[in-house]
Amino acid sequence: MITIAAIATPLGRGGVGIIRLSGAKAYAIACQLTGKSGFTPRLASFCRFYQADGTVIDEGLVLYFRAPHSFTGEDVIELQGHGGMILQNLLLARVFELGAKQAAPGEFSYRAFDNDKMDLVQAEAIADAIDATSAAAASSAIRSLSGEFSQHINHLLEQLIHLRLHVEAAIDFPDEEDVDFLSDGVIQSKLEQTQRQIQQVLMTAKQGQLLRDGIHVVLAGRPNAGKSSLLNRLAGQERAIVTDVAGTTRDTLQETVVLNGLTLHLTDTAGIRDTDDMVERIGIARARTAIEQADMLLMVYDVTRDIDDDATPLQLAEQLFGELPAAKRLLIIANKSDLLNNINNNKHTSATQIELNSRGYEQVHVSCETGAGIADLIEILCAKVGFHPPENSLIARTRHLDALRRTADCLVDAHEQLTVFQAGELVAESLRYAQQYLGEITGEFSADDLLGKIFGSFCIGK
Ligand SMILES: Nc1nc2c(ncn2[C@@H]2O[C@H](COP(=O)(O)OP(=O)(O)OP(=O)(O)O)[C@@H](O)[C@H]2O)c(=O)[nH]1
Ligand SMILES: [Mg+2]
Numbered sequence: 005m006i007t008i009a010a011i012a013t014p015l016g017r018g019g020v021g022i023i024r025l026s027g028a029k030a031y032a033i034a035c036q037l038t039g040k041s042g043f044t045p046r047l048a049s050f051c052r053f054y055q056a057d058g059t060v061i062d063e064g065l066v067l068y069f070r071a072p073h074s075f076t077g078e079d080v081i082e083l084q085g086h087g088g089m090i091l092q093n094l095l096l097a098r099v100f101e102l103g104a105k106q107a108a109p110g111e112f113s114y115r116a117f118d119n120d121k122m123d124l125v126q127a128e129a130i131a132d133a134i135d136a137t138s139a140a141a142a143s144s145a146i147r148s149l150s151g152e153f154s155q156h157i158n159h160l161l162e163q164l165i166h167l168r169l170h171v172e173a174a175i176d177f178p179d180e181e182d183v184d185f186l187s188d189g190v191i192q193s194k195l196e197q198t199q200r201q202i203q204q205v206l207m208t209a210k211q212g213q214l215l216r217d218g219i220h221v222v223l224a225g226r227p228n229a230g231k232s233s234l235l236n237r238l239a240g241q242e243r244a245i246v247t248d249v250a251g252t253t254r255d256t257l258q259e260t261v262v263l264n265g266l267t268l269h270l271t272d273t274a275g276i277r278d279t280d281d282m283v284e285r286i287g288i289a290r291a292r293t294a295i296e297q298a299d300m301l302l303m304v305y306d307v308t309r310d311i312d313d314d315a316t317p318l319q320l321a322e323q324l325f326g327e328l329p330a331a332k333r334l335l336i337i338a339n340k341s342d343l344l345n346n347i348n349n350n351k352h353t354s355a356t357q358i359e360l361n362s363r364g365y366e367q368v369h370v371s372c373e374t375g376a377g378i379a380d381l382i383e384i385l386c387a388k389v390g391f392h393p394p395e396n397s398l399i400a401r402t403r404h405l406d407a408l409r410r411t412a413d414c415l416v417d418a419h420e421q422l423t424v425f426q427a428g429e430l431v432a433e434s435l436r437y438a439q440q441y442l443g444e445i446t447g448e449f450s451a452d453d454l455l456g457k458i459f460g461s462f463c464i465g466k
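Under our numbering, the residue at position 254 of the sequence shown is numbered 258, and the numbers go up by one with no gaps.
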């Protein structure tokens, strides 16, 4: 393997900057760079780093981790010099001159994976910990890194393998001791137990995926309803321009916030109406694209204006979005409730509420002016997406959820083949697929292109 090197600390000014090397030549490069004859593993050595002509580039510490006792499983050298773009780049250039090559994003982690230092879930957890947008996401990534999530998966894998052995034995020795393995109930109960456990891991993973990715929330509605005011409220700062002119927001505007532990990627959009203004029309087209892509739509309406006597919020939603979004994707925000009492508006009576409830839709009354109802909104939003502020959650990715769901589907197939058709061969086949899908999570059966995608999204030096 080629020896790779990269700056591992963020570029910019800093007390310390670290360059990392991994590969068979790392040790020799460190010796040449410093003029030392050798290094003791795991012991910090203070050295000068020299150019080829003997001038000093920088001075600092050298750390040596001898293979296989290193992050990558190869010889690893860390050069801890001073932080600073110029110094670090000079040092890196010298390391290249001595035979190392620039590491690609995620290449150190890939080597660790390749050398069985960790599985895919753990490698992904490193990237997730670095990119975490909330403290809860970071700590659950660290828990996954320690191998907790992998343990759940490996346990399930073991069970599946056992189950397969049982089924295959039943196929190979159908008349053994006059017992019909397939219908004696043992395989069925083991299968059902595994199915229950998969469901449990799926639930944990779902929380972990929400923690990691958060949700994309789009604020949409008529002009002047208070969408931008709501974005500012949720963000806790004056992010978007708010005026009493209808059509203030033109372009979409994004802001990420963490509320009750859940990361929300908020998009404020232009108010939807018919208009001849070309710029506004483009804004509305962008709003529509955002609406299509949203995990959750917050339809904001002005309680004093946007709904006529005989119209309901659901009719407004239908007009705005072309069709009524599913209940689990839509939260109705009745804004400007502070004005409601003043003009004694009776339109928003319990009749509306009952209609909404009966159809599974939810409405929250808020005032972006006073802040009333905002806490309720956040709570309802978290409940709607099924997010429970987690105590001991484990980070997970969409990829993991997908693999778990495919595994679960295969087990449903296996169950049907077993209980309805007693078709041993087909049970075995479904279990084989189940094992393969589950194995994708930790990387046992991952295709190369998947690996490229996963490690390609890492930062350089990790
Ligand atoms: N009284 C009251 N006024 C509000 C409330 N929320 C927003 N407003 C006012 O309503 C007007 C419009 O607010 P915006 O947040 O700009 O509305 P918008 O939906 O973003 O409007 P566009 O960008 O034009 O689509 C502003 O004058 C706000 O101050 C509220 O809860 N109560
Ligand atoms: Mg606006």
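All C-beta atoms in this analysis are idealised placements derived from N, C-alpha and C, irrespective of residue type, glycine included.
I want to check one thing, is the minimum distance from the CB of residue i to the heavy atoms of ligand 2 below 7 angstroms?
i: D272; result: yes
i: K231; result: yes
i: T253; result: yes
i: A244; result: yes
Tell me the residue span of the alpha helix (DSSP H) that contains residue i.
i: I245; result: Where I245 is concerned, there is no enclosing alpha helix (DSSP H), given that its DSSP letter is neither H nor E.
i: E366; result: Element bounds for E366: not the alpha helix (DSSP H) but the beta strand (DSSP E), 366-369.
i: R237; result: 231-239
i: A224; result: Note, A224: premise wrong, no alpha helix (DSSP H); beta strand (DSSP E) at 219-225.
i: G287; result: 282-297
i: V125; result: 124-135
i: V424; result: Here V424 belongs to no alpha helix (DSSP H), and DSSP marks it neither H nor E.
i: M5; result: Premise fails: M5 is in no alpha helix (DSSP H) and is neither H nor E.
i: T38; result: 30-38
i: A97; result: 89-101
i: A321; result: 317-325
Kindly indicate which three-state DSSP category residue i falls into: helix, strand or coil?
i: D452; result: helix
i: R24; result: strand
i: N339; result: strand
i: L169; result: helix
i: G443; result: helix
i: E373; result: coil
i: G18; result: strand
i: K388; result: helix
i: K466; result: coil
i: L334; result: strand
i: G212; result: helix
i: G460; result: helix
i: K121; result: coil
At which residues does the beta strand (DSSP E) containing residue i begin and terminate?
i: V262; result: 257-263
i: A142; result: That residue, A142, is in no beta strand (DSSP E); its alpha helix (DSSP H) goes 139-149.
i: I11; result: 8-11
i: M300; result: 300-306
i: C51; result: 49-54
i: E78; result: Note, E78: premise wrong, no beta strand (DSSP E); not H, not E.
i: I61; result: 60-69
i: T271; result: 266-272
Does the beta-carbon of residue i, which I'm using as the reference point, lie nearer than 7 angstroms to any heavy atom of ligand 1?
i: P317; result: no
i: C372; result: yes
i: A250; result: yes
i: L343; result: yes
i: G377; result: no
i: I247; result: First, the residue type needs correcting, since residue 247 is Thr and not Ile in the sequence shown. At least one heavy atom of ligand 1 is nearer than 7 angstroms to the Cβ of T247, so yes.
i: L225; result: Before going further, note that residue 225 is Gly rather than Leu in the sequence given. Checking the Cβ of G225 against ligand 1 gives yes.
i: G275; result: yes
i: V368; result: no
Got a sec? Which residues, its chain only, sit under 8 angstroms from residue i by beta carbon, not counting five neighbours each side?
i: L235; result: L223, R243, A244, L257, E259, L270, D272
i: S187; result: Q426
i: G240; result: V261
i: D248; result: N228
Might you give, ordered along the chain, the residues of its own chain that have their beta carbon closer than 7 angstroms to the beta carbon of residue i, omitting 5 neighbours on each side?
i: A427; result: Q421
i: S138; result: V262, G265, T267
i: S233; result: V246, C372
i: I382; result: L263, N264
Tell me which residues share the same chain as residue i and place their Cβ nearer than 6 angstroms to its Cβ, disregarding the 5 neighbours each side in the sequence.
i: H170; result: I191
i: G447; result: D123, L124
i: I336; result: M303, P317, Q367
i: A321; result: M303, L328
i: L415; result: Q199, A438
Quiz item: Contact between the stretch 195-213 and the stretch 401-415: three or more CB pairs below 8 angstroms?
Solution: Flag = yes, the stretch 195-213 and the stretch 401-415 touch.
Practice problem: Examine the Cβ distances between the stretch 330-342 and the stretch 266-283 and report whether three or more of them are shorter than 8 angstroms. | Solution: No, because fewer than three Cβ pairs between the stretch 330-342 and the stretch 266-283 fall closer than 8 angstroms, the two stretches do not touch.
Quiz item: Counting Cβ pairs, one atom from each stretch, are 3 or more of them under 8 angstroms apart for the stretch 15-30 and the stretch 80-98?
Solution: With the rule of 3 Cβ pairs closer than 8 angstroms, the stretch 15-30 counts as touching the stretch 80-98.
Practice problem: Check whether the stretch 360-370 touches the stretch 317-326, taking contact to mean three or more Cβ pairs, one atom from each stretch, closer than 8 angstroms. | Solution: They touch, by the three-pair rule.
Self-check item: Cβ contact (3+ pairs, closer than 8 angstroms) linking the stretch 99-113 and the stretch 32-52
Solution: Inter-segment contact for the stretch 99-113 and the stretch 32-52 is present: three or more beta-carbon pairs are separated by less than 8 angstroms.
Quiz item: Are the stretch 112-119 and the stretch 65-81 in contact at 8 angstroms, needing three or more beta carbon pairs?
Solution: The stretch 112-119 is in contact with the stretch 65-81.
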